[in-house]
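For reference, the structure discussed in these notes is given below.
What follows is the structure in C-alpha cells.
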C-alpha cells in the first residue's frame with residue numbers, strides 16, 4: 025500500500041514537472057533577447073525574499089527537530105560512570121554549534137536578501153581587511169582550544185583503563201551474526217584462546233585453550249550480565265570479520281578485530297530495573313508501545329501475528345557492517361545488583377563442564 | 065609564454081581534419097573532454113541517486129513489496145521485497161559512485177578540464193593525449209562498476225570502505241566474490257585515470273600560464289583545482305596499493321590484512337596480517353578524498369559568488385592560504401575515522417587535535433564568503449543560488465564535524481546516522497551544489513547556449529528544501545543511537561519511535577530526487593534548443609569569457625591575451641563598468657590591489 029502511494033506521489037510529481045516544463049518552454053519562445061536567461065531585478069527580488077524564507081525554514085526545522093526529537097538518549101540518562109563526562113562535552117559542543125549555526129546562517133541569508141541586486145547600483149569595492157580576518161581566525165582557535173583540551177581529558181580518562189581497581193574481565197566474542205560473552209570465573213582471569221583451537225564437535229566454539237588452567241572455570245554466555253558499580257574491562261575478539269561492540273546507553277564502543285584483542289572499560293551505574301523506573305524511560309517505552317499497538321492492529325487485520333510489547337533492556341549492537349544479517353546482531357545486557365549477579369553466575373556452566381567428550 | 069602557444073598561428077582552427085570520431089569520441093580537446101566527463105558523471109549520478117532512493121524506501125517501509133524494487137532489482141527483490149544482501153550492495157555502490165565517479169571525476173574532471181586552460185590562458189592541456197586516455201580509463205572503470213551489478217552473486221557489498229576481512233572472503237558475503245573483484249579492478253583503473261588527469265592539471269597550471277598570469281593573479285577556481293590535483297597525486301596511489309594488496313590477499317593467499325579467521329566451520333590459513341593496516345591505508349586516501357571532492361566545489365563557489373556579488377572575493381590571500389592549510393591538514397587527520405578501530409588511544413588524541421584544526425581554515429572560508437556578500441549587488445542567477453546554498457550546507461554540515469572529530473564524542477556517534485547526516489551535508493550536498501553551480505555558470509561556455517533560469521530556480525529551491533529535509537532530522541536519529549547500514553530497524557523495538565522520522569526523510573528524498581528531472585530536462589534540452597549565449601553573459605573578469613562563443617581549437621583565434629590584473633576587479637572605483645576583464649591593462653595611475 026505504501027509502495028503504491030509512493031509511486032502515485034512520484035507520478036503526480038512527474039506530471040507536475042511536465043506541466044511546468046511546458047509553461048517555461050512557452051515563456052522562452054516569447055522573449056527573443058539572448059541574455060534574458062540572466063537574472064534581472066525581478067529575479068533578484070523574488071529570490072532575495074525566498075532567501076529570507078529559507079532562513080526561516082532552517083530555523084523552523086531546527087526548532088521542530090529539537091522539540092520533537094530533542095529528547096536525545098545520547099545526551100542524557102547515561103548508565104556508566106564516564107557517561108556524564110561525554111554528555112557534558114556533547115552539550116557544550118551542541119550549544120556552540122547551535123550558536124554559530126544560528127548566527128552564520130542569519131548573516132548569510134540576510135545579506136543575500138539585503139543586498140539583492142538592482143540595476144545601476146554599485147557594489148562596495150572591499151577586498152581585504154586583515155583585522156577582520158584575524159578576528160575570525162583567532163575566535164575559532166580559542167573555542168577549539170577549549171573543546172580540544174576538554175575532549176582530550178575526557179578521552180584519556182575513558183581509554184586509559186585502570187587495572188588496579190580489580191575490574192571484572194569479560195570477553196566479548198563476535199561472529200556472524202551473534203555475540204557471546206566469556207567471564208573469567210572465580211579467578212577473574214580469562215583462559216588463553218585462539219580461533220585455531222575451535223572444536224565444534226566438543227562444543228568449544230570460542231577456541232578456548234582446554235589445557236590452560238585459567239580456562240577451566242571460564243563461563244560462556246549469550247547474555248551479558250554486569251554487576252552495578254563494579255568496573256568492567258571488556259576484551260573484544262572476532263572470529264571472522266570486523267564487528268563493533270556498540271553499547272549506546274553506556275557511551276561505549278570498540279571494534280572487534282580478527283587477529284587482535286581490543287579493549288574498552290567502563291563502570292555501569294544504573295541497574296536495568298532502576299533504568300526502567302526512570303520517568304524518561306517510562307515515557308519512551310509507553311510511546312514505543314503505543315506505536316507497536318497501532319502497528320499490531322494492521323498486522324492482525326492482515327492475519328499476521330501481533331507485535332510483542334516492548335520492555336526496556338540495555339543492548340549491545342553490532343555497529344560495523346559485517347554481512348547479510350548485520351541488522352540483527354545484538355545481545356541483551358542486564359545490569360543488576362552484586363547478589364543477583366552472583367546468583368546468576370552460579371547457575372552458569374563452567375567451561376570444562378560445557379565440553380562434550 | 066611557452067613555445068606551446070607559438071606553434072598555433074592565427075586562424076588555424078581548421079588545421080587538421082576532424083572526423084566524428086576524433087571530434088566527439090577520441091577527442092584531445094580539453095573542452096570536449098570536459099563535456100564527456102560531465103555527461104558520464106551525470107549518468108553515474110542518476111544511477112547513484114536512484115540507488116539512494118531505493119535504500120530510503122526500504123528504510124521507511126521495510127520489507128514491504130514495492131514494484132519499483134521488483135522492476136529495478138529483479139531477482140534481488142523476489143516479489144518486490146528487497147533482499148538484505150542487495151541493500152548492502154546498494155549502500156556500497158551508491159557510496160562508491162557518488163564519491164568517486166560523480167564528485168571526483170564528474171566534478172574535477174569536468175571543471176578542471178574546462179577551466180584550467182581557459183582561465184590561465186593556454187591553448188589546451190599540457191598533454192591532450194594523456195587527457196584523452198584519462199577520460200577513457202574513467203569511462204572503462206565506470207562501465208565495469210555498473211556491470212558488477214550483473215554478476216551472479218551480486219556486486220561488492222562491504223561498504224564503500226571495503227574493510228577486509230568482509231571484503232576479502234567470498235564466504236563472508238555474496239558480494240565479496242566476483243563483485244568485489246570487479247570493484248577492485250574498476251577502482252584500480254579509476255585511480256590510474258585520476259592520476260593521469262591530476263598530473264596533467266598540475267603541469268598545465270605550472271607551465272602554461274599566459275603572460276602576466278602570476279600565481280597571485282590566478283582565479284580561486286584554478287587554485288582549488290591545482291591543490292586538489294596535488295592532494296590526489298599524494299593520496300590516490302596509497303589506495304591503489306591497498307587495493308593491490310587486497311587483491312593479493314583475495315587471490316594469491318597472502319596475509320596482509322587477514323589473520324586468525326574461522327568462518328563457516330573452517331580455520332583459514334591467514335596469519336599475521338591486520339585489518340587495521342587496511343583501515344590506515346584506506347583512510348590515508350579516504351580522508352583527503354573528502355577535500356578532493358570539496359575543494360573544487362569551493363573554488364567554483366568563490367568565483368561565482370564574486371562574479372554575482374559584483375564584488376572582489378573578500379580576502380583573496382586568506383582564501384588561498386586556507387585552501388593550502390586544508391590540503392596540508394587533510395593528509396594528517398585520517399585517523400579520526402578510526403577512533404574505535406582498536407588503534408592506540410594516544411593516536412586518537414593526536415588525530416583529534418589535527419582534525420579540529422581543520423575547523424580554523426574552514427571558518428575563515430565561510431566568513432570570507434559571507435563578507436563577500438556584504439554590500440554587494442547580488443545577481444541571483446541559479447549558479448549564485450547554488451553557491452549560497454553551498455555555503456549554507458557547508459556550515460551546517462561542517463559544524464557537526466566538531467563533534468565527530470572529538471574522539472571522546474565519536475565513541476558514541478561513530479557509525480550512526482549522525483555521521484551519515486554530517487558527511488552528506490558537508491561533502492555530498494555541498495559538492496553537488498558546487499557542481500550544479502558550475503554547470504549553470506559555465507553551461508554557456510560549454511555549449512554556447514543558456515540554461516533556462518526559471519527551471520534553474522525551481523531546481524534550486526526544491527533541492528535546497530529537500531536537502532535540509534532529508535539530512536537535518538537525520539542528525540537526531542543518529543543521536544538516538546541508530547546505527548547506519550541496517551537493512552531494517554524492525555528488530556530493535558528500541559528504535560520504533562524513530563520510524564516516523566525515517567518516513568519523513570524518505571518523502572523529502574523522493575521529492576528531491578524526482579525534481580532532479582527538472583535539471584536533467586533543462587540540461588539536455590538547452591544543450592540543443594537553449595537560447596544562444598552572448599560572449600560574456602555574467603559580465604565576468606576571467607579569461608574564459610574572452611574566447612569566442614563557438615568552440616575552436618586553441619581557444620583564442622589570435623594571440624593569447626596577456627593578463628594585467630587579478631580576476632576580482634569588480635565594481636572597482638574609477639571604471640565605468642562594474643567589471644574589468646583581466647586583459648584590460650591598468651590605467652595610468654591605477655594601482656593594482658596588493659593581494
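Residue numbers (the working numbering), protein chains in the order written: chain A, 25 to 381; chain B, 65 to 659.
Every residue gets a Cβ at the ideal spot worked out from N, C-alpha and C, and that includes glycine.
Same chain, Cβ closer than 6 Å to residue i, neighbours up to 5 away in sequence not counted
{"i": "residue 213 of chain A", "result": "238"}
{"i": "residue 631 of chain B", "result": "283, 605, 606 and 646"}
{"i": "residue 82 of chain A", "result": "129"}
{"i": "residue 341 of chain A", "result": "270 and 354"}
{"i": "residue 357 of chain A", "result": "248, 338 and 340"}
CB contact check: residue i to chain A, cutoff 8 Å
{"i": "residue 557 of chain B", "result": "yes"}
{"i": "residue 23 of chain B", "result": "For residue 23 of chain B there is no data in the structure shown, the boundaries of chain B being 65 and 659."}
{"i": "residue 106 of chain B", "result": "no"}
{"i": "residue 478 of chain B", "result": "yes"}
Within chain B, partners of residue i - CB distance below 7 Å
{"i": "residue 290 of chain A", "result": "Those within 7 Å of residue 290 of chain A in chain B number zero; the least Cβ separation is about 10 Å."}
Per-residue burial, residue i [other beta carbons within 10 Å of its own, 16 or more giving buried]
{"i": "residue 602 of chain B", "result": "buried"}
{"i": "residue 670 of chain B", "result": "As shown, chain B starts at 65 and ends at 659. That puts residue 670 of chain B outside it, with no answer to give."}
{"i": "residue 279 of chain B", "result": "exposed"}
{"i": "residue 160 of chain A", "result": "buried"}
{"i": "residue 306 of chain A", "result": "exposed"}
{"i": "residue 359 of chain A", "result": "buried"}
{"i": "residue 165 of chain B", "result": "buried"}
{"i": "residue 335 of chain A", "result": "exposed"}
{"i": "residue 315 of chain B", "result": "exposed"}
{"i": "residue 316 of chain A", "result": "buried"}
{"i": "residue 534 of chain B", "result": "buried"}
{"i": "residue 87 of chain A", "result": "exposed"}
Proximity test, Cβ basis, 8 Å: residue i and chain B
{"i": "residue 201 of chain A", "result": "no"}
{"i": "residue 61 of chain A", "result": "yes"}
{"i": "residue 179 of chain A", "result": "yes"}
{"i": "residue 124 of chain A", "result": "yes"}
{"i": "residue 300 of chain A", "result": "no"}
{"i": "residue 152 of chain A", "result": "yes"}
{"i": "residue 194 of chain A", "result": "no"}
{"i": "residue 108 of chain A", "result": "no"}
{"i": "residue 311 of chain A", "result": "yes"}
{"i": "residue 234 of chain A", "result": "no"}
Cross-chain neighbours of residue i in chain B, by beta carbon under 8 Å
{"i": "residue 303 of chain A", "result": "Within chain B, no residue comes near residue 303 of chain A; the closest Cβ sits about 16 Å away, beyond 8 Å."}
{"i": "residue 129 of chain A", "result": "456, 459 and 460"}
{"i": "residue 41 of chain A", "result": "578, 579, 581, 582 and 585"}
{"i": "residue 147 of chain A", "result": "373, 374, 375, 439, 440, 441, 634, 635 and 642"}
Contacts of residue i in chain A (Cβ-Cβ under 9 Å)
{"i": "residue 326 of chain B", "result": "199, 219, 220, 222, 231, 263, 264 and 282"}
9 Å Cβ cut-off: residues of chain C touching residue i
{"i": "residue 80 of chain A", "result": "Going by chain labels, chain C is absent from the structure shown, which instead holds the protein chains A and B."}
Residue i: contacting residues in chain A (beta-carbon distance under 7 Å)
{"i": "residue 549 of chain B", "result": "345 and 350"}
{"i": "residue 157 of chain B", "result": "Those within 7 Å of residue 157 of chain B in chain A number zero; the least Cβ separation is about 14 Å."}
{"i": "residue 552 of chain B", "result": "351"}
{"i": "residue 464 of chain B", "result": "121"}
Same chain, Cβ closer than 7 Å to residue i, five either side skipped, listed in chain order
{"i": "residue 61 of chain A", "result": "none"}
{"i": "residue 450 of chain B", "result": "497, 500, 501, 504 and 524"}
{"i": "residue 281 of chain A", "result": "262 and 266"}
{"i": "residue 372 of chain A", "result": "243 and 245"}
{"i": "residue 545 of chain B", "result": "480"}
Identity of the residues DSSP links to residue i by a beta bridge
{"i": "residue 207 of chain A", "result": "A/194 and A/243"}
{"i": "residue 277 of chain A", "result": "A/270"}
{"i": "residue 486 of chain B", "result": "The partner list for residue 486 of chain B (beta bridge, DSSP) is empty, contrary to what the question assumes."}
{"i": "residue 547 of chain B", "result": "B/480"}
{"i": "residue 374 of chain A", "result": "A/243"}
{"i": "residue 292 of chain A", "result": "A/104"}
{"i": "residue 223 of chain A", "result": "A/228"}
{"i": "residue 356 of chain A", "result": "A/339"}
Contacts of residue i in chain B (Cβ-Cβ under 9 Å)
{"i": "residue 142 of chain A", "result": "441"}
{"i": "residue 316 of chain A", "result": "557 and 560"}
Residues near residue i by beta carbon distance below 8 Å, same chain, minus five either side
{"i": "residue 295 of chain A", "result": "252, 359, 360 and 361"}
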